[in-house]
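Visitor: Chain order of the listed sequences is V and A. Position in the first sequence counted from 1, then plus 8, gives you the working numbering. Position in the second sequence counted from 1, then plus 4, gives you the working numbering. Beta carbons are placed, not taken as given, at the ideal position from N, Cα and C, and that holds for glycine. Would you mind keeping the following structure in view while I ask a few things?
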Amino acid sequence: MFEWPVISQILWTSLATTSFYVLFTAAFALVLKVNRFFNFAQGGVMTAAFYTAYAAVQMAHLPGWAAFGLALLVSALLSTIIELFGFATLRAKHASVLFGFIFTLMIAQFVAYTAALLFGTWTVTIFPSMFYPVTLVGGVAVSGWDVPAIGSAIGCLTVLFGFLRFAPWGQSMLAVADNPDLAGLYGIKTKWAYLMAMLIAGALVTVGMFLYGSRAQVQPMTSFDLMLFAVVATILGGIGSIGGAAVAAVMLGLVQNASILVIPSQWQGFLVYAVLFVAIVFFPRGVRLPERRARADATRQAPSNTSEQEG
Amino acid sequence: MTYLLVLLILVGLYIILASSFDLVIGHAGLISIAHPAFFAIGAYASGLLALDLGWPPLVAIPVATLLAAASSVLVSLPALRVSGDYLMIASLGFQLGLIELIKNLQFSGGSGGLSNIPPLVKGNVSPLTYAGLVLVSAAVVVWLIRRIMRSDYGRAVTALRDDETAAAMLGRDPIWIKVWVIALASGIAGYAGALYAHYFRFVTPEQFDILQSAALLTMVVVGGIRTTWGPIIGALLLETVPQLITYLNLPPNILGPAQGLLFTTLVLAFMFFRPSGLVSGSAAWRGSEPLEVVNVRRS
């Protein structure tokens, strides 16, 4: 079982599988960092994006690119509604974590029930076939889905980090994440920053759901499980660090998939929650590398810097 | 008539669950959402003790209650180290991990659930009798929580919620208080689980998932957090109103989602139009206010 071809195949498959998980995690971490909400409503956006693409392809017989465009539009609309009518109100009322949790969960459920009412509760996929041509590369089976999926994830994350680091709007978002009141005093439109974070997150999960829905079957409640993986990875990566969350998502995906070598596959789900529980109890600030911890300590000691300016 | 009595049993069970949940999240201010996990532990423990070991349910129920209370240390542990968002997520991890565990263990029936759980006494108890038992239990639980919260211990719980440091300086042991309040609420949830298992005689892991947490939270918040009547009204309203739709005789594939839509719409409407709940206690759902607001009010 521990022969190199087996291990390399599992590693490759794990890497391909983590492509959509990374996108869901980056979206969740971005909203948590900027908007400061544990956005379980992301599950609703994911459900809406998937079923839009499904309806466009399977019912309206539109091409894949048009379905993707429609899914992007719907997720942008839903994200805007959640931010403008939900989060903005909760923020204005200084709602507690608990209240935000109920709100976001209710939105996700509302969308899931709507999807169940419109499309039924059985599992569906975006395209009629989930089978992709397989090519052997150095003894590793690479499917026609793998490379575009990994490429899409890397492309999206590169654009995201580039935007946050170099674009003025991206920097404004980080400023709002750091201190919204101070950012407002400097003339940054905080409402736009919050909305922008939601729109970017919506776009990321749309790409993620398009990838997931073209490879696996989905039913209205599927996004809950996918979301929970993103929550675990965000906590492991350290709240406030989108890069850390993305790396944690890759690592967690690899560990979860590679665990099949040592534990039965049905325990893979349990592994994720066990890791979450242990991580919170023993590493509530996330798992940090020694260099990063040292840098964070130095940052804390400097009175002028209040938090990391990391994307 | 049986339908109404079953509904009454469910309302009674949810009153027990919501009231005990309010003890943790409302009165103690500990944002743990894993309450359905203890409901599950009570249901499965009592069911398995009666089914596999042949224990009389009347013995299995108190043992399951104690087991749920004892297992609450798994939520107390993170509660002693983290609070707020972290505790919420840790409790979520505990709950979902437990569900996965139940799904994968053979003796618990796996994801197919545990069936043929023995009834409370030999020969089925009538729905009327069981509804009476559950409602009396609910009344006792509500009375007990109310009495506790008005005792010295309850005042200590309140003090701890409002200012942990100040409460500790006054000689209160925060660790002991947190452990006990979570154990008490978890034991009550376990008792509700055991009652559920011996009436419905079938439990599945999905019944105790994150959506159950959301439902319980909603009952507390919509009813009115940190109040005696709030969780009662919340449980009554949110268990009965979605049932009204059953009278429309919709096909099953539409009925479930339609009930879910009604439930979520009701909750969202309450959240925005009556956020303090039907029974207004305090603005307990509020988080921290900006410093300027606090300063202005104090001056």
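1) I want to see whether chain A comes within less than 8 Å of residue 371 of chain V, judged by CB atoms only; does it?
2) In chain V, what lies closer than 8 Å to residue 248 of chain A by C-beta?
3) Using three-state DSSP, classify residue 302 of chain A as helix, strand or coil.
4) How about residue 225 of chain A and residue 110 of chain V: do their beta carbons lie closer than 8 Å?
5) In whole angstroms, give me the CA-to-CA distance for residue 241 of chain V and residue 254 of chain V.
6) Check whether chain A comes within 8 Å of residue 271 of chain V, counting only Cβ atoms and requiring the distance to be less than that.
7) Give, in chain order, every residue of the region 84-115 of chain A whose Cβ lies closer than 7 Å to some Cβ of chain V.
8) Taking only the alpha-carbon atoms, compute the straight-line gap between residue 187 of chain V and residue 7 of chain A and give it to the nearest angstrom.
9) For the beta strand (DSSP E) containing residue 143 of chain V, name the first residue and the last one.
10) Are the C-beta atoms of residue 275 of chain A and some chain V residue less than 8 Å apart?
11) Any beta-carbon of chain A closer than 8 Å to the one on residue 63 of chain V?
12) What does residue 288 of chain V touch in chain A if you count any residue whose Cβ is under 7 Å from its own?
13) Applying the 10 Å Cβ sphere with the 16-neighbour rule, what's the burial state of residue 11 of chain V?
14) Against residue 215 of chain A, what residues of chain V qualify as contacts under a CB-to-CB distance less than 9 Å, listed in chain order?
15) So, with DSSP's three-state summary, where would you put residue 144 of chain A?
16) Buried or exposed: which applies to residue 177 of chain A, given that a residue is buried once 16 or more other Cβ atoms fall within 10 Å of its Cβ?
17) Taking residue 258 of chain V as the reference, which of V:169, V:184, V:158 and V:287 has the closest Cα?
18) Looking at the structure shown, is residue 70 of chain V part of a helix, part of a strand, or coil, going by DSSP?
19) Run through the region 184-261 of chain A for me and flag every whole alpha helix (DSSP H) of 4 or more residues, listed as ranges in chain order.
20) Assuming residue 45 of chain A and residue 142 of chain A form a contact by the criterion Cβ under 8 Å, report the distance between their Cβ atoms to the nearest whole angstrom.
21) Return the first residue and the last residue of the beta strand (DSSP E) that residue 151 of chain V is part of.
22) In chain order, which alpha helix (DSSP H) runs of at least 4 residues are fully inside the region 225-305 of chain V?
23) Is the CB-CB distance between residue 61 of chain V and residue 79 of chain V below 8 Å?
24) Near residue 210 of chain V, what residues of its chain come up, given a Cβ to Cβ distance below 6 Å and the 5 sequence neighbours on each side ignored?
25) Could you tell me which residues DSSP puts in a beta bridge with residue 119 of chain A?
26) Could you give the residue range of the alpha helix (DSSP H) that holds residue 46 of chain A?
27) Establish whether the CB of residue 85 of chain V and some CB of chain A are separated by less than 8 Å.
28) First and last residue of the alpha helix (DSSP H) that includes residue 179 of chain V?
29) Specify the secondary structure class of residue 32 of chain A as computed by DSSP and reduced to three states.
30) Taking only beta carbons into account, state which residues of the region 236-260 of chain V come closer than 8 Å to chain A, listed in chain order.
31) Between which two residues does the alpha helix (DSSP H) containing residue 24 of chain A stretch?
32) Kindly list, in the order they appear in chain V, the residues whose Cβ is closer than 8 Å to that of residue 271 of chain A.
33) Counting only Cβ-Cβ distances shorter than 8 Å, please list the residues of the region 132-149 of chain A near chain D, keeping chain order.
34) So, does the region 123-130 of chain A touch the region 239-247 of chain A, judging by three or more C-beta pairs under 8 Å?
35) Could you have a look at residue 103 of chain V and say whether DSSP puts it in helix, strand or coil?
36) Spatial neighbours of residue 107 of chain V within its chain, please: CB distance less than 7 Å, with the 5 preceding and 5 following residues excluded, ordered by chain position.
Guide: Result, derived from the coordinates:
1) Since the first and last residues shown for chain V are 9 and 319, residue 371 of chain V lies out of range.
2) Below the 8 Å Cβ cutoff, chain V contributes no neighbours of residue 248 of chain A, its closest Cβ being approximately 16 Å away.
3) Because the pLDDT at residue 302 of chain A is just 38, under 50, the model does not fix this residue reliably, and the value given afterwards should be weighed accordingly. Reduced to three states, the DSSP call for residue 302 of chain A is helix.
4) Yes.
5) The straight-line gap from Cα to Cα measures roughly 7 Å.
6) Closer than 8 Å to the CB of residue 271 of chain V there is not a single CB belonging to chain A.
7) Listed in sequence order: 85, 86, 88, 89, 90, 92, 93, 94, 97, 98, 100, 101, 104, 105 and 108.
8) If I take the Cα positions, the gap works out to 55 Å.
9) First-last of the beta strand (DSSP E) with residue 143 of chain V: 142-145.
10) Taking CB atoms only, residue 275 of chain A has a neighbour in chain V less than 8 Å away.
11) The beta carbon of residue 63 of chain V does not come within 8 Å of any beta carbon belonging to chain A, so the residue lies off that interface.
12) 82, 86, 90, 93, 94 and 97, listed in chain order.
13) Around the beta-carbon of residue 11 of chain V, fewer than 16 other beta-carbon atoms lie within 10 Å, marking it exposed.
14) Those are 113, 117, 229 and 232, listed as they occur along chain V.
15) Residue 144 of chain A: helix per DSSP, three-state reduction.
16) When all chains shown are included, residue 177 of chain A counts as exposed.
17) The residue with the shortest Cα to Cα distance from residue 258 of chain V is V:158.
18) Residue 70 of chain V falls in the coil class under three-state DSSP.
19) Complete alpha helix (DSSP H) runs here, min 4: 214-227 and 233-248.
20) About 20 Å; that fails the 8 Å criterion.
21) Run containing residue 151 of chain V: 148-151, per the beta strand (DSSP E) assignment.
22) As far as the region 225-305 of chain V is concerned, its whole alpha helix (DSSP H) runs of at least 4 residues are 230-245, 250-266 and 276-290.
23) Yes; because the gap between Cβ atoms is below 8 Å, this pair is in contact.
24) Shown here for residue 210 of chain V: same chain residues with a beta carbon closer than 6 Å to its own, the five before and five after excluded, namely 53, 83, 84 and 87 in chain order.
25) The partner list for residue 119 of chain A (beta bridge, DSSP) reads A:206.
26) Counting along the chain, the alpha helix (DSSP H) containing residue 46 of chain A begins and ends at 39-55.
27) False, the Cβ-Cβ gap to chain A never drops below 8 Å.
28) Unbroken alpha helix (DSSP H) run through residue 179 of chain V: 176-186.
29) Residue 32 of chain A sits in coil when the DSSP states are folded into three classes, being neither helix nor strand.
30) For the region 236-260 of chain V, residues whose beta-carbon sits nearer than 8 Å to a beta-carbon of chain A comprise 236, 239, 240, 243 and 247.
31) Unbroken alpha helix (DSSP H) run through residue 24 of chain A: 6-26.
32) Neighbours of residue 271 of chain A on chain V, chain order: 110 and 114.
33) The structure shown contains no chain D; its protein chains are V and A.
34) Short answer: they don't touch.
35) Of the three classes helix, strand and coil, the one that applies to residue 103 of chain V here is strand, per DSSP.
36) Apart from sequence neighbours up to five positions away, the residues of its chain that approach residue 107 of chain V with a beta-carbon distance below 7 Å are 98, ordered along the chain.
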